[in-house]
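Trainee: Per our numbering, the sequence shown starts with residue 223, numbered consecutively.
Note that CB positions come from ideal geometry on N, CA and C, so glycine has one too.
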Amino acid sequence: FLSAQSGNTGGLTWAEAGGGLHEFIAKTGAISNAASVSFANQFNASKYHDYLFIFTNMRLANAGYTFMAHTSTDGGSSYDDSYGEYHKDGTTDAYGLVVAAGIGSGGSTTGASGYFRLYSPLVSTTNTASISFLTINGTSAGSSGDYGGAFSGRNANEATNAIRFSAMYPSTNITSGEIAMYGIKKA
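The structure is reproduced here in structure tokens:
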């Protein structure tokens, strides 16, 4: 924003706006034919309580696959993708935190856009939980303009300090899109 200067200098200068709940942390940049995308070394327990990931125009090599997140407790050296380590809407076991099912593929679609929120990942006394909501435009498990939400949780009381996004079961690549990570500041 432009800030008016006091004193003898007068005039206006550009200044960064303070405050706000969300703080930008990192962005993947344009994703091109990647098996997965990870965020490690950006989690900060002293500054943030939760994290928000914004997805823009995500496309997969094949339509109808499940887009998932896997957590790490060792800074991204390994990720847990074991069946039964996660829970999702109304079921007891899952292979990961569900971000969206049925994302489209191909150059004629705009892909899926939306958000994924990770709750209290650095608190080792509670299970890490997530909620997501993506609008799916184009070729998908349903028709153009579908949307979907998911509630998932990690079935362990461990501090999560890295996350990996990928399309799985069966596995396919992320052909395009972008993911931005924001920290939700502690009060």
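Just verifying my parser: in three-state terms, what is the DSSP assignment at T235?
Mentor: Looking up residue 235 in the sequence shown gives position 13. Reduced to three states, the DSSP call for T235 is strand.
Trainee: Between the alpha carbons of S393 and H292, how many angstroms are there, rounded?
Mentor: Residue mapping note: residue 393 aligns to position 171 of the sequence shown, counting from 1. Residue mapping note: residue 292 aligns to position 70 of the sequence shown, counting from 1. Approximately 14 Å, taken between the alpha carbons.
Trainee: What residues are listed by DSSP as bridge partners for G338?
Mentor: As a working note, residue 338 is residue 116 in the sequence shown. The amino acid at residue 338 is misidentified as Gly; the sequence shows Phe. According to DSSP, F338 bridges with F275, S354.
Trainee: If we ignore side chains and look at the alpha-carbon of each, how far apart do Q264 and A384 end up?
Mentor: Numbered from its first residue, the sequence shown carries residue 264 at position 42. Numbered from its first residue, the sequence shown carries residue 384 at position 162. Taking the straight line joining both Cα atoms gives about 8 Å.
Trainee: How big is the Cα-Cα spacing for F338 and D315?
Mentor: Along the sequence shown, read from residue 1 onward, the residue named residue 338 stands at position 116. Along the sequence shown, read from residue 1 onward, the residue named residue 315 stands at position 93. Computed Cα separation, rounded: 20 Å.
Trainee: Just the Cα atoms here: how many angstroms apart are L356 and P343?
Mentor: On the sequence shown, residue 356 is found 134 positions in, with the first residue counted as 1. On the sequence shown, residue 343 is found 121 positions in, with the first residue counted as 1. Computed Cα separation, rounded: 21 Å.
Trainee: Tell me where the beta strand (DSSP E) around V259 begins and ends.
Mentor: Residue 259 sits at position 37 when you count from the first residue of the sequence shown. Where V259 is concerned, the enclosing beta strand (DSSP E) stretches over 258-262.
Trainee: Are the segment 246-258 and the segment 390-409 touching, with three or more C-beta to C-beta distances below 8 Å?
Mentor: Enough Cβ pairs lie closer than 8 Å, so yes.
Trainee: Using the beta-carbon count (16 or more within 10 Å), is Y273 buried or exposed?
Mentor: Position 51 of the sequence shown, counting from 1, holds the residue named residue 273. Classification of Y273: buried, given that the 10 Å Cβ count is 16 or more.
Trainee: Ordered along the chain, which non-local residues of its own chain (more than five positions away) have a Cβ less than 7 Å from that of Y270?
Mentor: To locate residue 270, count along the sequence shown from 1; it is residue 48. G405, I406, K407, K408.
Trainee: Spell out the partners DSSP gives Y287 in its beta bridges.
Mentor: Reading the sequence shown from its first residue, position 65 is the one you call residue 287. Answer by DSSP bridge pairing, in chain order: I325.
Trainee: What are the residues that DSSP puts in a beta bridge with I406?
Mentor: To locate residue 406, count along the sequence shown from 1; it is residue 184. I406 is bridged to H244, D272.
Trainee: Kindly list the residues whose CB is nearer than 7 Å to the CB of N298, restricted to its own chain and excluding five residues on each side of it in sequence; keep chain order.
Mentor: Translated into positions along the sequence shown, residue 298 becomes position 76. Contrary to the premise, residue 298 reads as Gly rather than Asn in this sequence. The answer, listed in chain order, is S260, A262, A384.
Trainee: Helix, strand or coil for L319? Go by DSSP, reduced to three states.
Mentor: The residue labelled residue 319 in the question sits at position 97 within the sequence shown. L319: strand per DSSP, three-state reduction.
Trainee: Among all the DSSP beta bridges, which residues are the ones paired with G375?
Mentor: Locating residue 375 in the sequence shown gives position 153, counting from the first residue. G375 pairs with H309, A351.
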